[in-house]
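Under this note's numbering, the first residue of the sequence shown is numbered 456, with each subsequent residue one higher. Where is the CB? At the ideal position from N, CA and C, for every residue including glycine.
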Amino acid sequence: MHRFIRPSLLQQTRSVTTRAFAQQARPARRPLLYWATGLAAAGTLAAATYPSTAHMDAPKTAYAGTVEDPETHLRFPVYLQANQEWQRLIGLGVRQVSFLNLNVYVVGLYMKSEDIGQLLKHPSWKHFSKDQFLSDEALAVSLLQQPVDVSVRIVPVRNTNTQHLRDGFTRSLVSRMKDQAKDLTEEDETMILEGIREFKTKFFNAKVKKDSEFVFTKTKEGSLRMEYEGKEIGVVNNKWVAINFIMTYLNPYAPASSLALESMANGFDKLKQGNATN
Numbered sequence: 456m457h458r459f460i461r462p463s464l465l466q467q468t469r470s471v472t473t474r475a476f477a478q479q480a481r482p483a484r485r486p487l488l489y490w491a492t493g494l495a496a497a498g499t500l501a502a503a504t505y506p507s508t509a510h511m512d513a514p515k516t517a518y519a520g521t522v523e524d525p526e527t528h529l530r531f532p533v534y535l536q537a538n539q540e541w542q543r544l545i546g547l548g549v550r551q552v553s554f555l556n557l558n559v560y561v562v563g564l565y566m567k568s569e570d571i572g573q574l575l576k577h578p579s580w581k582h583f584s585k586d587q588f589l590s591d592e593a594l595a596v597s598l599l600q601q602p603v604d605v606s607v608r609i610v611p612v613r614n615t616n617t618q619h620l621r622d623g624f625t626r627s628l629v630s631r632m633k634d635q636a637k638d639l640t641e642e643d644e645t646m647i648l649e650g651i652r653e654f655k656t657k658f659f660n661a662k663v664k665k666d667s668e669f670v671f672t673k674t675k676e677g678s679l680r681m682e683y684e685g686k687e688i689g690v691v692n693n694k695w696v697a698i699n700f701i702m703t704y705l706n707p708y709a710p711a712s713s714l715a716l717e718s719m720a721n722g723f724d725k726l727k728q729g730n731a732t733n
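Structure below.
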């Protein structure tokens, strides 16, 4: 059974996510930001066209050693192979929607063991606490600003399709952009929207069976690599998209899954404690 981590109390810092793109005061209204809402709502933006809309049935990778999600009983591997490199599980949880708490998919966060070790030596993580991680996004942002790979593994709990998943992911990205709007220049907005549009084009139209595996990785170079059942389906060369896609799950203010975020915080907590005793 793998061991997890506890980081220390982060000093108050301004969110690097917005600071990196805040270069001047933003005008009160800009057409681009309003167009972004349409971008999220329109499920018809040109997507890559692949042979058919039949179910995607790529052969599954067999993993040794798993952890069960308590809500759905789906089992996630302790170690995940992404881009031919092994990463270890930090935490996982189910995304639920509507007042009925309908289960949509289970998401797990993964990092390479050597990257975790380096992260725990980083100045911004030396005073980390779980409570801080669950109340201030600055710590998670500082993680994603590092030249390390950070992956999320997403597994639908029911049959779905790539259009539905794509549009949900896009709405989350646009929502984060709108939250940061007061600190973005018009040039920033243009760059971000181009990245979001590129992200949408990577999805082909296909039905997706439950228990299928998607892996999205914020790479150490700052791109977003997208995989389905171990095969790469696209790379988005946009640092804002890469960071903010992962931040969808690490954002304590409005996480895509509060259950996953709590589990990830516990995972970092246990890994930190284990690191401190070594």
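Query                                                                                                          : Result
Assigned secondary structure, Gly548 (DSSP; H/G/I helix, E/B strand, else coil)                                : strand
Exposure label - Ala709; buried when at least 16 CB within 10 Å                                                : exposed
Where Lys581 falls, given that 16 or more other Cβ within 10 Å makes a residue buried                          : exposed
Buried versus exposed call for Asp586 [16 or more other C-beta atoms within 10 Å across all chains shown]      : exposed
Cα-Cα separation between Lys567 and Val696, rounded to whole angstroms                                         : 21 angstroms
Local conformation of Thr615 per DSSP, three classes                                                           : strand
Whole-number beta carbon distance between Ser627 and Thr521, since they are thought to touch under 8 angstroms : With 8 angstroms as the limit, Thr521 and Ser627 do not qualify as a contact, their Cβ atoms being about 27 angstroms apart.
Classification of Glu649 by the beta-carbon crowding that lies within 10 angstroms, buried from 16 upward      : exposed
Beta-bridge pairing of Gly563 - partner residues as DSSP gives them                                            : Leu547 and Arg608
Limits of the beta strand (DSSP E) - the one that Gln587 falls within                                          : First-last for Gln587: Lys585 to Phe588, but that is the alpha helix (DSSP H), not the beta strand (DSSP E).
First and last residue of the uninterrupted beta strand (DSSP E) at Phe531                                     : Arg530 to Pro532
Val559 beta carbon less than 9 angstroms from that of Leu547                                                   : no
DSSP three-state assignment for Gly689, whether helix, strand or coil                                          : strand
Enclosing beta strand (DSSP E) for Thr521 [first to last residue]                                              : Thr521 to Glu523
C-beta contact flag for Glu526 and Leu714 at 9 angstroms                                                       : yes
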